[in-house]
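> FYI, in the numbering used here the residues of the sequence shown are 204 to 547.
First, the structure itself, so that you have it in front of you.
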Amino acid sequence: MPGNWDEDEWGFRLCQVLEIRYPILEGGLAHVGNGRLAAAISEAGGFGQVGSAGRSPEQFAEEITLAASLTTKPFGVNIPISERKDNRPYFDVIDQHRHAIAAVSLSAGNPRPLIPHFKEMGLRVIVLTSTVSQALKAAEGGADVVVCEGFEAGGHNGPAEITTMALVPQVVRALRERGRDVPVAAAGGIASGEQMAAALMLGADGVQIGTLFVATEECEAHPAYKRTLVEAGDEATVVIERSQGRVTRVLRSPFTERILDLEKQRPSMEELLPFIVGRNNRIAAIEGHMDEGYVNAGQGVGLIHSVRSAGDVVRDLAAEAARVLRRGPTWAEWLEGVDGVRPV
204 MPGNWDEDEW GFRLCQVLEI RYPILEGGLA HVGNGRLAAA ISEAGGFGQV
254 GSAGRSPEQF AEEITLAASL TTKPFGVNIP ISERKDNRPY FDVIDQHRHA
304 IAAVSLSAGN PRPLIPHFKE MGLRVIVLTS TVSQALKAAE GGADVVVCEG
354 FEAGGHNGPA EITTMALVPQ VVRALRERGR DVPVAAAGGI ASGEQMAAAL
404 MLGADGVQIG TLFVATEECE AHPAYKRTLV EAGDEATVVI ERSQGRVTRV
454 LRSPFTERIL DLEKQRPSME ELLPFIVGRN NRIAAIEGHM DEGYVNAGQG
504 VGLIHSVRSA GDVVRDLAAE AARVLRRGPT WAEWLEGVDG VRPV
């Protein structure tokens with residue numbers, strides 16, 4: 204077990220609910236959250252998820268079938284609720300594959316009416332939130348796992364722009380005060396074991412990671428996308444769509460600079476839409492035309508230095524986090540010798 208990971212303590216609640224070894228979840232990953240990647244993450248002990256965004260119902264079904272053929276470990280699927288006018292064809296796919304799927308994660312919309320629907324299928328429900336009130340509503344609505352995503356995350360984020368470090372402890376405290384025993388996963392800019400350990404120390408039960416998993420061998424993202432992630436630094440991301448009251452974090456590029464220049468003129472949605480449509484995301488992420496579209500990336504992108512197997516990423520995250528967490532006793536001993544400071 205990497206780093207002598209203590210699964211009886213750190214992240215145990217999340218591991219128990221999803222029946223996984225390590226409290227590491229894959230984000231939904233529009234266009235690039237494919238079945239092979241989800242299976243590889245689950246095989247390594249994490250929780251992979253097949254993304255539906257950017258796929259037809261038929262393609263979504265194919266990726267679920269592929270994932271199920273590559274692993275017997277639990278994996279899930281992601282549905283961005285507000286992306287489509289009619290999600291019923293995708294819900295039908297989930298129903299048809301419910302015996303292969305362990306959980307459904309819901310994002311980008313109001314999940315409460317849908318939670319009972321998926322629970323009736325025998326599935327766990329994971330809900331992505333970006334504020335304390337959203338997290339409480341998700342828990343009260345029956346969510347099995349609450350993901351707290353700070354706006355460091357790649358892709359669409361909450362308009363309140365609350366950071367991961369500020370959001371997670373507030374959500375954990377609010378849930379505890381209301382007696383809601385729901386595991387919390389931290390998300391947003393997390394790309395290292397040190398950050399995973401920090402999230403656990405903030406009270407989270409685990410982490411959800413997106414951008415780091417794009418830079419893996421199993422991800423279907425174009426090599427140009429992966430190469431750009433590896434070469435990116437700490438200032439590589441920008442936020443677009445603020446002119447429309449939305450927050451979408453993407454990699455900086457000539458194309459996104461054109462979007463930002465247009466937004467300075469306060470365009471209407473009709474004027475901005477040709478630039479931000481999902482097709483332009485696919486052009487870059489899948490087809491590799493990086494100057495003709497945009498790609499999502501979180502602020503942790505500067506911590507990505509190579510393209511590796513998804514299994515190695517999961518195991519290394521767990522090992523790094525375990526090493527950091529085991530420094531705890533040393534700090535406790537140090538605190539005992541500091542006047543006026545009592546170990547918690």
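Note that the Cβ used here is the ideal one computed from N, Cα and C, for glycine as well.
For Arg530, which of Thr268, Lys322, Gly353 and Glu397 has the nearest alpha-carbon?
As a working note, residue 530 is residue 327 in the sequence shown. Measuring from the Cα of Arg530, the nearest candidate turns out to be Glu397.
> Quick one: what does DSSP say Thr332 is sitting in, helix, strand or coil?
On the sequence shown, residue 332 is found 129 positions in, with the first residue counted as 1. DSSP places Thr332 in strand when its eight states are reduced to three.
> Residues in the same chain with beta-carbon distance under 6 Å from Gly206, minus the five sequence neighbours each way, listed in chain order, please.
Mapped onto the sequence shown, residue 206 falls at position 3. Note that Gly206 has pLDDT 46, beneath the 50 cutoff, so the model's placement of it is unreliable and the number below is only indicative. Excluding sequence neighbours, Gly206 sits near Ala522, Ala525 and Arg526.
> Please report the residue range of the alpha helix (DSSP H) in which Leu273 lies.
Position 70 of the sequence shown, counting from 1, holds the residue named residue 273. From DSSP, the alpha helix (DSSP H) with Leu273 extends over Pro260 to Leu273.
> With 16 as the cutoff for other CB atoms within 10 Å, does Met472 come out buried or exposed?
As a first step, residue 472 must be located in the sequence shown, where it is residue number 269. It is exposed - the Cβ of Met472 has fewer than 16 other Cβ atoms within 10 Å.
> Between the Cα of Gln252 and the Cα atoms of Gly345, Arg452 and Leu309, which residue gives the shortest distance?
Taking the first residue of the sequence shown as position 1, residue 252 is located at position 49. Comparing Cα positions, the closest option is Leu309.
> To the nearest angstrom, how far is it from the Cα of Ala390 to the Cα of Tyr225?
Stepping through the sequence shown from its first residue, residue 390 is reached at position 187. Stepping through the sequence shown from its first residue, residue 225 is reached at position 22. Rounded to the nearest angstrom, the two C-alpha atoms are 15 Å apart.
> Could you pull out every residue in the same chain whose Cβ sits closer than 6 Å to the Cβ of Leu465, ignoring the five residues on either side in sequence?
Taking the first residue of the sequence shown as position 1, residue 465 is located at position 262. Nothing meets the Cβ criterion.
> What do you reckon, are the CB atoms on Glu421 and Leu221 nearer than 8 Å?
Looking up residue 421 in the sequence shown gives position 218. Looking up residue 221 in the sequence shown gives position 18. Not closer than 8 Å, so no.
> Looking only at DSSP bridge pairs, what is Ile282 linked to?
The residue given as residue 282 occupies position 79 in the sequence shown. Paired residues: Leu309.
> Which of the three DSSP states, helix, strand or coil, is assigned to Asn499?
As a position in the sequence shown, residue 499 is number 296, starting the count at 1. Strand, per DSSP.
> Which residues in the same chain have their Cβ closer than 7 Å to the Cβ of Val341, if we skip the five residues on either side of it in sequence?
Indexing the sequence shown from 1 puts residue 341 at position 138. Checking the sequence, you will find Ala at residue 341 rather than Val. Excluding positions up to five away in sequence, the list reads Pro314, Val330, Thr332 and Val349.
> Are the region 375 to 383 and the region 409 to 418 touching by the rule of at least three beta carbon pairs closer than 8 Å?
At 8 Å Cβ cutoff, the stretches do not touch.
> For Gly206, which of helix, strand or coil comes out of DSSP?
Start at 1 with the first residue of the sequence shown, and residue 206 comes out as number 3. For Gly206, the predicted structure reports a pLDDT of 46, less than 50, and the residue's modelled location is therefore unreliable. A value from the coordinates is still provided. DSSP places Gly206 in helix when its eight states are reduced to three.
> For the structure I just gave you, are there three or more beta carbon pairs, one from the region 242 to 256 and one from the region 272 to 290, closer than 8 Å?
The region 242 to 256 is in contact with the region 272 to 290.
> For Pro457, does the count of other Cβ atoms within 10 angstroms reach 16, so buried, or fall short, so exposed?
Along the sequence shown, one-based indexing puts residue 457 at 254. Result: exposed.
> Are the Cβ atoms of Ile318 and Gly345 separated by less than 8 Å?
If you number the sequence shown from 1, residue 318 lands on position 115. If you number the sequence shown from 1, residue 345 lands on position 142. Yes. Within cutoff.
> Would the beta-carbon of Ile267 be found less than 7 Å away from any heavy atom of the ligand ADP?
Ligands in the displayed structure: none, and consequently the ligand ADP is not present.
> With 8 Å set as the bound, which would you pick, yes or no: does the beta-carbon of Ala401 sit closer than that to a beta-carbon of chain D?
Protein chains in the displayed structure number just one, and chain D is not present.
> Look up Gly344 in the DSSP assignment and say whether it is helix, strand or coil.
The residue labelled residue 344 in the question sits at position 141 within the sequence shown. It is coil, neither helix nor strand.
> Buried or exposed, going by whether 16 or more other CB atoms sit within 10 Å of the CB of Lys429?
Here residue 429 refers to the residue found at position 226 when the sequence shown is read from its first residue. So Lys429 ends up on the buried side.
> Apart from the five residues on each side of it in sequence, which residues of its chain come closer than 6 Å, Cβ to Cβ, to Ser395?
The residue you call residue 395 lines up with position 192 of the sequence shown. Excluding residues within five positions, the ones whose Cβ falls inside 6 Å are Leu506.
> Using only alpha-carbon positions, find the residue among Ser259, Gln219 and Ile223 that is nearest to Val518.
The sequence position of residue 518 within the sequence shown is 315, counting from 1. Here residue 518 is Arg; the residue named in the question, Val, does not match the sequence. Here the closest residue by C-alpha is Ile223.
> Please report how far the alpha carbon of Leu403 lies from the alpha carbon of Ile443, in whole angstroms.
Taking the first residue of the sequence shown as 1, we reach residue 403 at position 200. Taking the first residue of the sequence shown as 1, we reach residue 443 at position 240. Using only the alpha carbons, I get a separation of about 30 Å.
> Below 6 Å CB to CB, which residues in the same chain sit around Ile267 once its five sequence neighbours on both sides are set aside?
Locating residue 267 in the sequence shown gives position 64, counting from the first residue. Same-chain partners within the cutoff: Val253 and His300.
> Mind checking Ser255: buried by the 16 CB within 10 Å criterion, or exposed?
Numbered from 1 along the sequence shown, position 52 holds the residue referred to as residue 255. So Ser255 ends up on the buried side.
> What whole-angstrom Cβ distance do Ala424 and Ala488 have, given they're in contact under 8 Å?
Taking the first residue of the sequence shown as position 1, residue 424 is located at position 221. Taking the first residue of the sequence shown as position 1, residue 488 is located at position 285. Between Ala488 and Ala424 the Cβ distance is about 6 Å, and since that is below 8 Å, they are a contact.
> Where do the N-terminal and C-terminal ends of the alpha helix (DSSP H) with Ile412 fall, by residue?
Looking up residue 412 in the sequence shown gives position 209. No alpha helix (DSSP H) contains Ile412, which is instead part of the beta strand (DSSP E) from Gly409 to Ile412.
> DSSP has Gly254 in a bridge; who is on the other side?
Within the sequence shown, residue 254 is the residue found at index 51, counting from 1. Gly254 pairs with Asn281.
> Express the C-alpha separation of Val371 and Gly406 in angstroms, rounding to a whole number.
Taking the first residue of the sequence shown as position 1, residue 406 is located at position 203. Taking the first residue of the sequence shown as position 1, residue 371 is located at position 168. Looking at the two C-alpha atoms, the distance is approximately 7 Å.
> Grab the span of the beta strand (DSSP E) containing Thr440 for me, first residue to last.
Mapped onto the sequence shown, residue 440 falls at position 237. Where Thr440 is concerned, the enclosing beta strand (DSSP E) stretches over Thr440 to Ile443.
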